[in-house]
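Below is one structure; the comments refer to it alone.
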Amino acid sequence: MDQPRVSGPSGGLFSLIVREVRSWRHDAWQLALISWLPLALFAALWWIFSAGIVTDVGIGIVDLDDSTLSRTLIRRLDAAPVLEVTLRPLSAAEGRRAMSNAEIAALVVIPYDFQARVTRGLSPDVTTFYNGQFILIGKAVKTAVVQTLSTLAGTIDGGKALAGGAALPQAPGLAAPVVPQLTPLSNVSMDYALFLVPAVIPALWQVVMILGMLNAVGRERRMGTWNGWLEPGAFTAFTGKMIPYIVVYWVMGIVFLLAFDLLGWPIRGSFGLIILAQGMTAVATAVMAGFLYVVVDDLPRSLSLAAAYTAPSFAFLGVTFPATDMPTLALFWRSLIPICHTVDIQISQMSRAAPLRAILPEFGALALFLVVLPLVVVRLKPLPEDR
Amino acid sequence: MKSGWIALLRTEARDIFTDKVIMLTVFGGVVLYSFLYPLPYSRQVPRNQRVAVIDLDDSSLSRSLVRWIDATPEIDVVAAAGSIAEAEALIERRQIAGFVVIRENFRRDILLGRPVTLAVAGDAAFFLVYGAVAEAAATAGATLGATIKVGRMVAGGADIKAAADRWTSFGSNVRPVFNTILGYVFYVVPAVFVLILQQTLLIGTGVLGGTRNALRRAGADDRPPFPAWKTLVVRTGIFVSIYIVLVLYYFGFCFQFYQVPRHASVGDLAWVVLPFLLAVTTLGIALGALMPRRDLATQIVLLSSLPLVFTSGFVWPTHLVPGPLLFLAGFIPSTPAIQAFLRLNQMGAGLDQIMPLVTQLWAQTLGYGLLAWWLLHRASEGPEAVAVPAAGTEEESDEPVIEPPAPAEETRPDDEPPPRGPSDGDEPEDPPPADPDGPDFSSAAS
Chain A
1 MDQPRVSGPS GGLFSLIVRE VRSWRHDAWQ LALISWLPLA LFAALWWIFS
51 AGIVTDVGIG IVDLDDSTLS RTLIRRLDAA PVLEVTLRPL SAAEGRRAMS
101 NAEIAALVVI PYDFQARVTR GLSPDVTTFY NGQFILIGKA VKTAVVQTLS
151 TLAGTIDGGK ALAGGAALPQ APGLAAPVVP QLTPLSNVSM DYALFLVPAV
201 IPALWQVVMI LGMLNAVGRE RRMGTWNGWL EPGAFTAFTG KMIPYIVVYW
251 VMGIVFLLAF DLLGWPIRGS FGLIILAQGM TAVATAVMAG FLYVVVDDLP
301 RSLSLAAAYT APSFAFLGVT FPATDMPTLA LFWRSLIPIC HTVDIQISQM
351 SRAAPLRAIL PEFGALALFL VVLPLVVVRL KPLPEDR
Chain B
388 MKSGWIALLR TEARDIFTDK VIMLTVFGGV VLYSFLYPLP YSRQVPRNQR
438 VAVIDLDDSS LSRSLVRWID ATPEIDVVAA AGSIAEAEAL IERRQIAGFV
488 VIRENFRRDI LLGRPVTLAV AGDAAFFLVY GAVAEAAATA GATLGATIKV
538 GRMVAGGADI KAAADRWTSF GSNVRPVFNT ILGYVFYVVP AVFVLILQQT
588 LLIGTGVLGG TRNALRRAGA DDRPPFPAWK TLVVRTGIFV SIYIVLVLYY
638 FGFCFQFYQV PRHASVGDLA WVVLPFLLAV TTLGIALGAL MPRRDLATQI
688 VLLSSLPLVF TSGFVWPTHL VPGPLLFLAG FIPSTPAIQA FLRLNQMGAG
738 LDQIMPLVTQ LWAQTLGYGL LAWWLLHRAS EGPEAVAVPA AGTEEESDEP
788 VIEPPAPAEE TRPDDEPPPR GPSDGDEPED PPPADPDGPD FSSAAS
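Heads up: the protein sequence lines correspond to chains A and B, in order. Take the first sequence: its letters are residues 1 to 387, numbered as in the numbering used here. Take the second sequence: its letters are residues 388 to 833, numbered as in the numbering used here.
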């Protein structure tokens with residue numbers, strides 16, 4: 001059987017590439033890492049967010065008034081797409097308990113004599129508590145509640161204006177002169193998934209890439225083919241080994257980029273620039289994988305390093321928390337992770353068609369990773385004896 | 388019998404505490420990640436988003452709206468742009484995070500009572516900008532409307548103070564609870580720390596199991612064959628003990644350091660900590676028993692992190708996660724544990740309210756415990772398992788002969804893909820790698 005343990009590839013880069021590709025036939029985990037496993041994970045992540053817009057979040061309402069108006073208010077809240085009235089606690093304390101147990105994301109309290117006070121023009125307050133622990137969900141709920149209540153208040157005012165003799169077309173203007181709708185210029189819809197998915201998938205792609213590339217180097221040690229692999233010279237051996245992975249992962253990147261475009265997250269700017277960035281990221285990751293390996297000369301340990309390096313990277317991307325608000329240390333660490341630059345470039349093309357000169361610094365950063373390559377090559381030495 | 392336990396304890400402890408990768412993952416990783424994960428969020432709340440306004444209407448009303456938007460806490464209007472292109476240039480120069488467009492005929496449409504639209508655009512932090520602008524617009528619009536209405540009421544003869552009190556039929560008073568400053572550290576840290584504990588523990592037990600399997604397969608197993616159930620008990624005991632210390636580090640010292648509020652008593656927390664650690668450890672031992680080599684556990688666990696974060700319910704609501712994925716996530720201890728800890732500690736829930744989650748953790752412990760026992764049992768009975776002449780299984784054996792790790796030539800490359808899919812624990816908590824004192828398994832392990 002053709003074992004990948006060919007002792008010394010003759011010829012140069014091409015035979016090294018072939019040798020690496022042949023090794024995949026015998027290494028099911030590695031084969032998984034360059035094919036179905038990342039795709040399955042990408043699909044799973046996309047699937048998690050496939051609902052897209054936040055809808056039907058459960059809220060509770062304590063109706064201490066039980067009048068026509070309060071029931072109208074409840075119906076209006078239930079009708080809002082983001083909200084669903086799932087609980088009708090008898091007291092605020094009971095509602096608070098339900099909030100503590102994450103059964104409801106918000107609690108609306110309609111006070112006693114609500115309708116009576118509204119009718120008499122006393123302007124009572126409806127109090128809403130929303131869950132600040134789950135910030136994203138809480139904010140979505142809060143916005144929906146505020147908008148629904150202010151619309152309803154406006155409708156009542158409009159009704160009063162009519163009762164007061166105003167002509168019909170004037171009534172809405174009299175009631176709530178400004179009811180602004182918001183349209184996002186760069187999203188097709190207010191799709192939360194639009195934010196997260198194009199950031200999460202590259203983050204995972206970075207993880208998969210570095211694992212595959214580290215495994216490739218570690219395999220030579222594990223199989224005892226280290227010296228044979230390095231025979232054509234460290235630079236040639238390393239480059240030849242990495243090229244197939246760079247190609248495979250680059251193709252994968254292009255595929256998910258196209259998927260973003262097809263699934264309704266259009267790229268307003270240049271595909272070419274993002275694809276170029278992806279290619280440079282694959283190269284940068286290969287160099288960093290080599291670096292992480294030679295620093296400790298042991299696959300399990302370098303994997304530990306790789307985990308520390310890439311695992312938290314999603315938070316550093318700047319999508320959930322703006323990069324401009326991160327402390328200097330975080331910005332420094334961020335600049336060391338290739339995918340952070342790539343996602344910057346990607347967003348610049350997705351949210352607006354930024355010209356090259358605007359993102360030149362990011363491309364420069366990606367190119368800078370190559371300075372680590374000599375450090376890697378210098379440390380790739382044959383072992384004293386061929387183990 | 389007692390001596391059997393002690394011998395087992397010593398053997399396990401030796402295997403665990405002398406393994407640099409395990410020690411660095413468990414101790415180093417937990418400590419490193421406690422600083423690394425919260426780092427990007429350490430300013431807690433993002434600053435005001437700098438926004439430009441494109442006012443195509445340029446009326447008194449639109450200028451008032453711009454003033455009100457600027458007055459909103461989360462937004463600073465720093466520039467007025469003449470066109471979208473101009474505003475996008477400002478974004479490129481990183482002077483603004485987004486911009487708002489007020490269309491022409493804004494004033495006219497308002498006076499005619501027609502719906503008006505504001506367009507919003509932004510960059511990476513778009514979602515944050517959009518949310519802030521949405522609130523700003525709603526508040527500004529309401530305030531503007533109030534000003535107009537009060538003006539009309541006064542013009543119609545109403546007392547200005549009365550008009551100011553009663554300009555709207557009812558008011559709305561909205562407040563956040565539990566994380567009243569909406570701080571991101573308070574948001575992320577309590578949940579992610581639970582995941583970190585799980586992932587590092589899974590890697591630790593997984594690496595141990597993989598190492599043992601590799602040694603066994605290479606015929607270099609120097610341990611007397613202890614019965615599987617005893618191994619399970621002792622290994623679980625050691626890891627759980629280690630992690631109780633780490634739990635104290637996280638929920639005690641780290642929470643204090645980040646000033647994360649804690650509402651639960653130690654007793655209440657213990658009710659969750661114990662089954663959580665047991666469930667993770669037994670899962671990890673089962674996982675380890677399936678690992679043919681040392682390096683696979685780290686990779687599997689690392690790959691599962693992101694899916695586990697997003698199915699745990701603190702970022703994306705669980706009712707929107709597709710059923711099958713939620714079902715799979717339910718098999719992983721971090722899923723119920725994150726909810727349980729958040730509800731107890733951050734949201735002030737009572738122990739009685741989270742009991743179903745505690746039960747889920749115990750059920751996982753039982754299931755994974757049995758699975759781990761069976762897998763350990765099967766592994767110890769396999770043909771490649773016997774490396775040492777079998778002494779009495781329960782008795783303390785004589786000094787085992789430590790055979791050198793066999794060279795790698797005779798082993799095939801790993802062709803067993805890890806059995807688990809994306810539902811594996813995620814936390815890629817590996818700390819900096821161990822130094823090379825431990826036995827070097829990278830060539831033997833296959």
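Glycine residues also receive a C-beta, built at the ideal position from the N, C-alpha and C atoms. Every value quoted in this text rests on a predicted model; they were computed, and no experiment measured them.
Is it buried or exposed for residue i, if we count other Cβ within 10 angstroms and need 16 for buried?
i	result
residue 703 (chain B)	buried
residue 131 (chain A)	buried
residue 684 (chain B)	buried
residue 567 (chain B)	exposed
residue 494 (chain B)	buried
residue 616 (chain B)	exposed
residue 261 (chain A)	exposed
residue 220 (chain A)	buried
residue 313 (chain A)	buried
residue 36 (chain A)	exposed
residue 90 (chain A)	exposed
residue 482 (chain B)	exposed
residue 665 (chain B)	buried
residue 691 (chain B)	buried
Using beta-carbon positions only, say whether residue i and residue j come within less than 9 angstroms of one another.
i	j	result
residue 288 (chain A)	residue 369 (chain A)	yes
residue 731 (chain B)	residue 656 (chain B)	yes
residue 102 (chain A)	residue 734 (chain B)	yes
residue 316 (chain A)	residue 323 (chain A)	yes
residue 240 (chain A)	residue 31 (chain A)	no
residue 601 (chain B)	residue 480 (chain B)	no
residue 504 (chain B)	residue 154 (chain A)	no
residue 484 (chain B)	residue 437 (chain B)	yes
residue 380 (chain A)	residue 302 (chain A)	no
For residue i, name the three-state secondary structure that DSSP assigns.
i	result
residue 38 (chain A)	helix
residue 657 (chain B)	helix
residue 491 (chain B)	coil
residue 83 (chain A)	strand
residue 562 (chain B)	strand
residue 63 (chain A)	strand
residue 372 (chain A)	helix
residue 682 (chain B)	coil
residue 298 (chain A)	coil
residue 429 (chain B)	coil
residue 231 (chain A)	coil
What separation, rounded to the nearest whole angstrom, lies between the Cα atoms of residue i and residue j?
i	j	result
residue 744 (chain B)	residue 729 (chain B)	12 angstroms
residue 460 (chain B)	residue 92 (chain A)	29 angstroms
residue 374 (chain A)	residue 235 (chain A)	8 angstroms
residue 633 (chain B)	residue 626 (chain B)	10 angstroms
residue 351 (chain A)	residue 345 (chain A)	10 angstroms
residue 541 (chain B)	residue 257 (chain A)	58 angstroms
residue 649 (chain B)	residue 642 (chain B)	8 angstroms
residue 723 (chain B)	residue 28 (chain A)	33 angstroms
residue 396 (chain B)	residue 671 (chain B)	18 angstroms
residue 605 (chain B)	residue 238 (chain A)	29 angstroms
residue 419 (chain B)	residue 404 (chain B)	19 angstroms
residue 674 (chain B)	residue 720 (chain B)	14 angstroms
residue 765 (chain B)	residue 413 (chain B)	27 angstroms
residue 57 (chain A)	residue 372 (chain A)	49 angstroms
residue 392 (chain B)	residue 758 (chain B)	22 angstroms
residue 246 (chain A)	residue 279 (chain A)	7 angstroms
residue 141 (chain A)	residue 508 (chain B)	22 angstroms
Name, in chain order, the residues that DSSP records as bridge partners for residue i.
i	result
residue 463 (chain B)	B:437
residue 739 (chain B)	None, per the DSSP bridge assignment.
residue 106 (chain A)	A:130
residue 442 (chain B)	B:489
residue 58 (chain A)	A:84
residue 125 (chain A)	B:558
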